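Residue numbers (the working numbering), protein chains in the order written: chain V, 474 to 672; chain W, 474 to 672. Even glycine gets a Cβ: it sits at the ideal position worked out from N, Cα and C. This structure is a prediction, so every number in the text was calculated from the model and none was measured. Right, one structure below, let's go through it.
2 protein chains.
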Amino acid sequence: MPARSDLRERTRQAVRAELVTVAWELFVRQGYDATTVDEIAAAVGMSQRSFFRYFSSKEDIVLGKFQAFGEILADALAKRPGEEDAWTALRRALDWFVGGSERDPRYGLELLRLTDQTPALKARRLEQQTHWQELLAPHVATRLDPPATGANDLRPAALAGAALACMNVANAAWVAGDGNQSLGRLIDEAMRAVRPSAF
Amino acid sequence: MPARSDLRERTRQAVRAELVTVAWELFVRQGYDATTVDEIAAAVGMSQRSFFRYFSSKEDIVLGKFQAFGEILADALAKRPGEEDAWTALRRALDWFVGGSERDPRYGLELLRLTDQTPALKARRLEQQTHWQELLAPHVATRLDPPATGANDLRPAALAGAALACMNVANAAWVAGDGNQSLGRLIDEAMRAVRPSAF
DNA sequence: ATTGACTTGTCAGCGGCTGACAAGTTGGGC
DNA sequence: GCCCAACTTGTCAGCCGCTGACAAGTCAAT
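Here it is in structure tokens:
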């Protein structure tokens with residue numbers, strides 16, 4: 474029942490990682506749509522069928538990168554001081570991304586550019602963010618003035634969703650400016666517009 | 474240059490409408506994924522190839538319904554009194570949907586249920602909402618305290634995006650409650666959570 | 001009635017994706 | 001070291017969404 478042996482699981486992850494690396498290179502060079510799964514598989518020396526044994530879809534190779542972000546965001550939010558109000562805590566949770574954008578903007582720029590320019594990827598990314606919203610909501614719930622109780626309370630999801638919408642707007646502006654403006658400031662601007670009284 | 478003659482254009486629209494009706498029935502009965510384009514085409518007595526002459530994709534048959542909504546929303550927002558603050562105007566613009574949900578909830582419920590339960594459709598619907606955001610933004614811009622000037626100002630898009638996020642949360646809750654709760658109240662709750670001082 | 005614009009079906013093909021099967025490889029207990 | 005069971009792999013065949021090309025037909029306007 475413990476699934477695969479550790480060794481097998483590790484090699485599996487290694488193959489996945491190589492697939493991501495190779496595919497990413499092709500995507501950046503010739504575009505997502507113009508790159509076929511056959512091509513990716515051939516580039517790492519495996520059959521197309523085997524590719525789909527590592528990734529359930531071509532999109533997954535890109536979207537996998539975003540999956541982890543949701544958990545990181547939720548973690549960051551959970552770790553904020555309990556007295557912090559929800560909106561401020563959400564803003565601070567996003568600092569993890571801001572930090573990344575400052576250390577090395579290239580990675581984020583590539584990721585956002587590709588996902589924004591490819592409609593299929595953009596759509597999937599937005600869908601995935603609704604999962605982020607669900608991960609964030611419980612940690613928002615405890616920070617509301619009358620704390621949220623059941624799942625009937627719309628406030629946590631609304632705040633999380635609004636914050637993510639602001640993040641998207643800021644990200645788009647950041648990409649449009651080739652990463653030259655401070656992502657942190659852009660997020661501030663977007664989030665302050667929604668809540669003028671905040672931080 | 475005037476494109477198709479009126480008659481041809483009208484029959485074209487009629488065929489499109491029938492295609493939508495028939496396809497919608499199949500989608501509701503057996504699910505979106507379980508319905509093939511061949512099936513839809515056969516049901517109206519045309520070849521699959523001709524189907525794609527009326528709709529550029531299978532998704533378009535469903536998403537076409539949403540396309541008009543963005544324009545309606547933007548219109549409604551534009552028609553709000555100029556002194557109204559942005560957030561209130563956005564809330565009021567959404568009343569058009571609220572009205573529809575009260576007149577006949579079934580249509581909206583079906584539409585939302587199908588699009589929420591089918592990942593591909595959910596993703597595309599969210600993507601389309603980023604277009605709504607762009608349509609709304611200019612009408613938000615004029616209602617800001619220091620009115621927004623250039624496209625560099627993130628505030629209009631942020632507010633529009635946040636409002637749409639609230640709408641989505643409210644819609645989801647509305648569907649979860651089988652349309653028994655007032656959609657207007659749910660939107661109020663979500664939007665007030667983001668802007669406690671509002672309306 | 002003729003012409004030219006428009007629509008249609010058919011066919012052939014690509015790309016993403018899946019099930020089934022057979023062949024091969026490998027980790028771990030003996 | 002050997003062996004077996006577990007796992008991986010490639011191949012093949014096929015479905016579905018979608019597209020280009022072509023030939024046959026329909027229809028509006030003259």
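Sorting V571(W), A549(W) and A663(W) by C-alpha distance to the C-alpha of V613(W) places A549(W) at the top. Proximity to D568(W) across P592(W), R579(W), F542(W) and L582(W) peaks at F542(W), based on C-alpha coordinates. The segment 583–597 of chain W makes contact with the segment 522–541 of chain W; the number of CB pairs closer than 8 Å reaches 3 or more.
With at least 16 other beta carbons inside 10 angstroms of its own, Y505(V) counts as buried.
Neighbourhood of A635(V) in chain W, by CB distance below 7 Å: A635, A638, C639 and V667, in chain order. Within the same chain, L608, L609 and H612 come within 7 Å of A547(W) by CB-CB distance, once the 5 residues on both sides are set aside. It is roughly 27 Å from the alpha-carbon of R553(V) to the alpha-carbon of A630(W). Across the set A515(W), F524(W), E512(W) and R502(W), the C-alpha of F524(W) shows the shortest separation from the C-alpha of Q486(W). Between the beta-carbon of R586(W) and that of V642(W) there is about 16 Å, and that puts the pair past the 8 Å contact cut.
The straight-line gap separating the alpha-carbon atoms of S520(W) and V510(V) is approximately 29 Å.
For the pair L632(W) and A621(V), the CB atoms are not nearer than the 7 Å cut-off.
The C-alpha of T494(W) lies about 13 Å from the C-alpha of E583(W). Taking the C-beta atoms as reference points, A663(W) is found no nearer than 7 Å to L563(W). Around the beta carbon of R598(V), a 10 Å sphere encloses 16 or more other beta carbons of the protein chains shown; the residue is thus reported as buried. Exposed is the label assigned to L480(W), since fewer than 16 other Cβ atoms lie within 10 Å of its Cβ.
Where F672(V) is concerned, there is no enclosing alpha helix (DSSP H), because DSSP gives it neither an H nor an E.
For G537(W), the enclosing alpha helix (DSSP H) stretches over residues K531 to A551.
DSSP places S523(W) inside the alpha helix (DSSP H), whose first and last residues are Q521 to Y527. For E557(W), the nearest beta carbon of chain V is not closer than 7 Å to its own beta carbon. Non-local beta-carbon contacts of R668(V) in its own chain, meaning distances under 6 Å to residues more than five positions away in sequence, involve W560 in chain order. At a cut-off of 7 Å between beta-carbon atoms, V642(W) makes contact with chain V. In this structure A638(V) is in contact with G634(W), their Cβ atoms being roughly 3 Å apart against a cut-off of 8 Å. Put simply, of R628(V), T484(V), Q601(V) and A646(V) the residue whose alpha carbon is nearest the alpha carbon of A624(W) is A646(V). Chain W places a beta carbon closer than 7 Å to that of L599(V), counting this residue as a contact. By the CB criterion at 7 Å, P578(W) and G657(W) fall outside the cutoff. Selection V501(V), A516(V), E600(V) and Q602(V) evaluated against Y580(V) yields V501(V) as nearest (Cα-Cα).
It is roughly 27 Å from the alpha-carbon of A490(W) to the alpha-carbon of Q606(W).
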